[in-house]
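Encoded as structure tokens, the structure appears first; notes follow it.
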Amino acid sequence: MGLLAASPATYGVFLVLTACALFIRYLAADPLRKFNGPPLAALVPWLFTYPAMKAEWHTTNLKWHRRYGSAVRIAPNFLSFDTYEAFCDIYSAKANFRKAPEYMVLSPSRRGNAVSTQDKKVSQFKRKSEGPFFGDKSIRDLEDRYVDKVASFTTLLCPLEGPDGQKSAWTEPRDISKFTSWLTLDVITDLLYGESFDLLHSEENRWVPETFRNVQWRNLICMSYPTLFKWKLDRVLLYRAREEISRLAAWSLDICRAQAKRCADENRPDLFTSMMAAEEKRTGNPDIEGNIKDIWAESMFLLAAGSESTATTMAITYHYLVHQPDLLAKVTAEVRSAFSNVEDIRTGETLDSLRMFQACILETLRISPAAPNTLPRIVPAGGATVDGHFLPGGTTVGTSLYTMHHNEKYFDDPDSFVADRWLRRLEDSAGKDIAYHPSPGYAPFSMGTRNCLGWRLAWAEMTVALARVLFSFDMRLTSEAPCCATRQPGKACEPNAPGYITMCAAGGPYVEFRPRQG
82 MGLLAASPAT YGVFLVLTAC ALFIRYLAAD PLRKFNGPPL AALVPWLFTY PAMKAEWHTT
142 NLKWHRRYGS AVRIAPNFLS FDTYEAFCDI YSAKANFRKA PEYMVLSPSR RGNAVSTQDK
202 KVSQFKRKSE GPFFGDKSIR DLEDRYVDKV ASFTTLLCPL EGPDGQKSAW TEPRDISKFT
262 SWLTLDVITD LLYGESFDLL HSEENRWVPE TFRNVQWRNL ICMSYPTLFK WKLDRVLLYR
322 AREEISRLAA WSLDICRAQA KRCADENRPD LFTSMMAAEE KRTGNPDIEG NIKDIWAESM
382 FLLAAGSEST ATTMAITYHY LVHQPDLLAK VTAEVRSAFS NVEDIRTGET LDSLRMFQAC
442 ILETLRISPA APNTLPRIVP AGGATVDGHF LPGGTTVGTS LYTMHHNEKY FDDPDSFVAD
502 RWLRRLEDSA GKDIAYHPSP GYAPFSMGTR NCLGWRLAWA EMTVALARVL FSFDMRLTSE
562 APCCATRQPG KACEPNAPGY ITMCAAGGPY VEFRPRQG
């Protein structure tokens, strides 16, 4: 009977040998076999899904790079790089790498928005219709509106007089991440819809920032293992996040329909009106309902992108300042010596001249970049060279800003917050905006045709808001700060900012304020 009469043990040996032969053949034909990485990375596509669930994809990837080198295989067809050379090869304007399909998880309706679409023409159309609202002229024209929100923000942080009528009383601990998320969402809704949601004064919509964070957690998991999204398994396995997405989607769609009706009745100079006009021109369809889904997908993206990352960067800057009292004192003195009145604190030459102040924000953007995880791109047909490695077409590649910003090749002591490292660069920049113009090892707003469109607004919000707080108030870390209670011996307190699609401040720092003394 031959093989049919063999024992179960023989069958087992045969199957094992067959599997080994197929595995060896697979490895021999594997075009990425020369790249090091975690042992299972060559076999399974979901190796970083568990770190993504813990919001530790960025820190796990950093550990892999420090163990395996500058080019790391993190999935069978996915290479991660941590060098500036690779970053330029992949993301620069002349690069011909298209976005990976995984980006579609970032759209609520599977319709592409400015970030998620793979179609460069669609991306260019959306950026062209939105770009003027984020340009220098628009930011200057909008200054009175966002400065008004900043004034409300500072008053909410610390009333000029305490409950006992004294100006020297410290406030109760403030959860800075909440206050900054309210501020930034108020600013972006004012720009987008021509009217603010007023989270600084009303509790009605304060659930939105927390929901955005939960949605980002779900999106990161789906990006780490796109099969979940492709087969709609996230609706079952991540059902709680899905419920929040549904609530957020219904809420934002209702707003879009109301705003679209308003656009038909009156012409207002806001971003939503501009997007409606551009979409009507593109499709040739004047029917509001026919265009609303695309506008809805875009507006949801703008609400999240225009609020959460800026709010988190602000909160993390506060975290490091209150944990370094000497640095806080130095920056406070610099701001107060440059201005004589809080109303004078606006964007311009005086604010731009504050070197230590700017250095603190630049260092925050380095140590905790808004987009910390690997941004996947597809190598074009015919192959391309990335950081000296020729790769076949169809390979997924990417660079994480977090790993590049923490690369010892570019920064000494990269895991520590050292604002002084930027003073020389600021002196040498000769007025060049080094936050926006990438330099070796540093590109907080990315580069190329898909860079951060709203970086000017983000920078204006962060600098004006922080400078006004430093000018007006003394501040200190509360004595029972949760971050200090959980700090590991011998290590500095880390901000509570999980790395989802963007960094998201999830609580803290907890800071006390009082009107400045003297």
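Using the numbering used here, read the sequence shown as starting at 82 and increasing by one per residue. Don't be surprised by glycine CBs; every beta carbon is placed ideally from N, CA and C.
Report task. Please classify residue 353: does DSSP put it in a helix, a strand, or coil? Result -> The residue given as residue 353 occupies position 272 in the sequence shown. Residue 353: helix per DSSP, three-state reduction.
Query raised in the report: Going by the CB atoms, is the gap between residue 404 and residue 169 shorter than 7 Å?
Result: As a working note, residue 169 is residue 88 in the sequence shown. As a working note, residue 404 is residue 323 in the sequence shown. Between residue 169 and residue 404, the CB-CB gap reaches or exceeds 7 Å.
Query - Backbone CA spacing between residue 112 and residue 156 [nearest angstrom] - result: Here residue 112 refers to the residue found at position 31 of the sequence shown. Here residue 156 refers to the residue found at position 75 of the sequence shown. The alpha-carbon atoms of residue 112 and residue 156 are separated by roughly 13 Å.
Query raised in the report: What does a CB cutoff of less than 8 Å around residue 230 pick up in its chain, not counting 5 residues either side in sequence?
Result: Along the sequence shown, read from residue 1 onward, the residue named residue 230 stands at position 149. For residue 230, where only same-chain residues beyond five positions count, the Cβ hits under 8 Å are 264, 267, 268, 271, 277 and 281.
Query raised in the report: Quick one: Cα of residue 354 to Cα of residue 194, how far?
Result: As a first step, residue 354 is located in the sequence shown; it is residue number 273 there, counting from the start. As a first step, residue 194 is located in the sequence shown; it is residue number 113 there, counting from the start. If I take the Cα positions, the gap works out to 17 Å.
Query raised in the report: Is DSSP giving residue 519 helix, strand or coil here?
Result: In the sequence shown, residue 519 corresponds to position 438, counting from 1. In this structure, residue 519 counts as coil in the three-state DSSP scheme.
Query raised in the report: Which residues in the same chain as residue 102 place their Cβ atom closer than 7 Å to its Cβ, once the five residues preceding and following it in sequence are excluded?
Result: Working through the sequence shown from its first residue, we reach residue 102 at position 21. Unreliable placement is indicated for residue 102, whose pLDDT of 49 sits below 50; no coordinate value is reported for it.
Query raised in the report: If you follow the alpha helix (DSSP H) that residue 172 is part of, which residue opens it and which one closes it?
Result: Within the sequence shown, numbered from 1, the residue matching residue 172 stands at position 91. From DSSP, the alpha helix (DSSP H) with residue 172 extends over 165 to 172.
Query raised in the report: Which one of 210, 441 and 202 has the shortest CA to CA distance from residue 501?
Result: Working through the sequence shown from its first residue, we reach residue 501 at position 420. Taking each of 210, 441 and 202 in turn and checking the Cα distance to residue 501, the smallest one comes out for 441.
Query - Closest by C-alpha distance to residue 175, when choosing among 185, 545 and 531 - result: Residue 175 sits at position 94 when you count from the first residue of the sequence shown. Nearest to residue 175 by alpha-carbon distance, out of 185, 545 and 531, is 531.
**Report entry** Per-residue DSSP class, three states only, for residue 593
**Finding:** By one-based count along the sequence shown, residue 593 stands at place 512. It is a strand residue.
**Report entry** Residue closest to residue 535, alpha-carbon to alpha-carbon, out of 336, 288 and 385
**Finding:** As a working mapping, residue 535 is identified with position 454 in the sequence shown. Residue 535 has its Cα closest to that of 385, out of 336, 288 and 385.
Query raised in the report: When the Cα of residue 450 is compared with those of 356, 585, 465 and 490, which residue comes out closest?
Result: Taking the sequence shown and counting its residues from 1, the one referred to as residue 450 is at position 369. When only C-alpha atoms are compared, the closest one is 585.
Query raised in the report: Exposed or buried, residue 125, counting other C-beta atoms within 10 Å across all chains shown (16 or more means buried)?
Result: Working through the sequence shown from its first residue, we reach residue 125 at position 44. By the 10 Å Cβ count, residue 125 comes out exposed.
Requested in this report: Check residue 478 in the structure and name its three-state DSSP category.
Outcome: Here residue 478 is taken as the residue at index 397 of the sequence shown, counted from 1. DSSP places residue 478 in strand when its eight states are reduced to three.
Query - Cβ neighbour criterion (16 or more within 10 Å) applied to residue 296 - result: The residue you call residue 296 lines up with position 215 of the sequence shown. Buried, since its Cβ has 16 or more Cβ neighbours within 10 Å.
Query raised in the report: For residue 238 versus residue 478, is the C-beta spacing smaller than 7 Å?
Result: In the sequence shown, the residue the question calls residue 238 occupies position 157. In the sequence shown, the residue the question calls residue 478 occupies position 397. Cβ distance not < 7 Å, so residue 238 and residue 478 don't count as in contact.
Query raised in the report: Quick one: is residue 471 buried, meaning 16 or more other Cβ sit within 10 Å of its Cβ, or exposed?
Result: Taking the sequence shown and counting its residues from 1, one reaches residue 471 at position 390. Residue burial is scored here from C-beta neighbours: residue 471 has fewer than 16 other C-beta atoms within 10 angstroms and is therefore classed as exposed.
Report task. May I have the straight-line CA-CA distance separating residue 489 from residue 541, to the nearest angstrom? Result -> The residue given as residue 489 occupies position 408 in the sequence shown. The residue given as residue 541 occupies position 460 in the sequence shown. About 30 Å.
Report task. Drop a sphere of 10 angstroms on the beta-carbon of residue 400, count the other beta-carbons inside from all chains shown, and report buried for 16 or more, exposed for fewer. Result -> The residue labelled residue 400 in the question sits at position 319 within the sequence shown. That one is buried.
Query raised in the report: Quick one: what does DSSP say residue 468 is sitting in, helix, strand or coil?
Result: Here residue 468 refers to the residue found at position 387 of the sequence shown. Three-state DSSP puts residue 468 in coil, outside helix and strand.
Query - Outcome for residue 97 when other beta-carbon atoms lying within 10 angstroms are tallied against a minimum of 16 - result: As a first step, residue 97 is located in the sequence shown; it is residue number 16 there, counting from the start. Burial call: exposed.
Report task. Going by DSSP, name the residue or residues bridged to residue 179. Result -> Counting from 1 along the sequence shown, the entry for residue 179 is found at position 98. Answer by DSSP bridge pairing, in chain order: 459.
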